[in-house]
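Under UniProt numbering, the letters of the sequence shown match residues 1 to 120, in that order. Cβ coordinates follow ideal geometry from the N, Cα and C atoms, glycine included.
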Amino acid sequence: MKKRMSTRRNKDGEEKHIKVPIGMSMLEAAHENDIELEGACEGSLACSTCHVIVMDVEYYNKLEDPMDEENDMLDLAFGLTETSRLGCQVIAKPELDGIRLALPAATRNFAVDGYVPKPH
């Protein structure tokens, strides 16, 4: 079963609607759909480069509470909001159908030498 997620890129205002398989992280979904979300640590909770903002509080409240490790990384993120999460920790599930995520205007770029993450 696939669910719909809408991601808006702040830098140009473009909004892209994608379908995300249940169980897939938003970081993985972004990479598979050519959405620029860095994810330098590849989802190992060692950076904040996959920072996303849940645009609707009702969807934010449906997410599991962030673990301490995620909160520690979010403390390093630019543009932190009350509904900020790491894309690697937001996992698609049926109750998130229709979630809208915004990408911050900037991230702490940990990638070097022009590295662009590719889906595995």
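**OP:** Measuring alpha carbon to alpha carbon, tell me which of Asp65, Val90, Val52 ends up nearest Thr81.
**Re:** Mapped onto the sequence shown, residue 81 falls at position 81. Of the candidates Asp65, Val90, Val52, the one whose C-alpha sits nearest the C-alpha of Thr81 is Val52.
Original post:
Would you report the Cα separation of Gly39 and Pro94, rounded to the nearest angstrom?
Top reply: The residue given as residue 39 occupies position 39 in the sequence shown. The residue given as residue 94 occupies position 94 in the sequence shown. Between Gly39 and Pro94, the C-alpha separation is close to 24 Å.
**OP:** Kindly indicate which residue of Glu70, Glu42, Asn71, Val57 has the alpha-carbon position closest to the one of Ala102.
**Re:** Taking the first residue of the sequence shown as 1, we reach residue 102 at position 102. Minimum Cα distance to Ala102 is reached at Val57.
Original post:
If you count every other CB in all the chains shown that lies within 10 Å of the CB of Ser84, and 16 or more means buried, which is it?
Top reply: For the purposes of this step, residue 84 is taken as residue 84 along the sequence shown, with counting starting at 1. Buried, since its Cβ has 16 or more Cβ neighbours within 10 Å.
**OP:** Go ahead and pull the three-state DSSP assignment for Ala105.
**Re:** The count along the sequence shown starts at 1 and reaches residue 105 at position 105. Residue state, collapsed to three classes: coil.
Subject >> Test item: CB-CB of Pro104 and Gly79 under 7 Å >> reply: What you label residue 104 is simply residue 104 of the sequence shown in a count that begins at 1. What you label residue 79 is simply residue 79 of the sequence shown in a count that begins at 1. Going by C-beta atoms, Pro104 is nearer than 7 Å to Gly79.
Original post:
Is Glu82 helix, strand or coil when you go by DSSP?
Top reply: One-based indexing of the sequence shown puts residue 82 at position 82. In the structure shown, Glu82 sits in coil (DSSP, three-state: anything other than H, G, I, E or B).
Subject >> Backbone secondary structure at residue 124 - three-state DSSP >> reply: Limits of the chain in this structure are 1 at one end and 120 at the other, which puts residue 124 out of reach.
**OP:** Drop a sphere of 10 angstroms on the beta-carbon of Met73, count the other beta-carbons inside from all chains shown, and report buried for 16 or more, exposed for fewer.
**Re:** Walking along the sequence shown from the start, residue 73 turns up at place 73. When all chains shown are included, Met73 counts as buried.
**OP:** With DSSP collapsed to three states, give me the class of Pro21.
**Re:** Within the sequence shown, numbered from 1, the residue matching residue 21 stands at position 21. Looking at Pro21 - three-state DSSP - the assignment turns out to be strand.
Original post:
The alpha helix (DSSP H) with Val57 in it runs from where to where?
Top reply: The sequence position of residue 57 within the sequence shown is 57, counting from 1. Where Val57 is concerned, the enclosing alpha helix (DSSP H) stretches over 57-60.
**OP:** Assuming Leu45 and Glu70 form a contact by the criterion Cβ under 8 Å, report the distance between their Cβ atoms to the nearest whole angstrom.
**Re:** Against the sequence shown, residue 45 aligns to sequence position 45. Against the sequence shown, residue 70 aligns to sequence position 70. That belief holds up - the Cβ atoms of Leu45 and Glu70 are roughly 6 Å apart, short of 8 Å.
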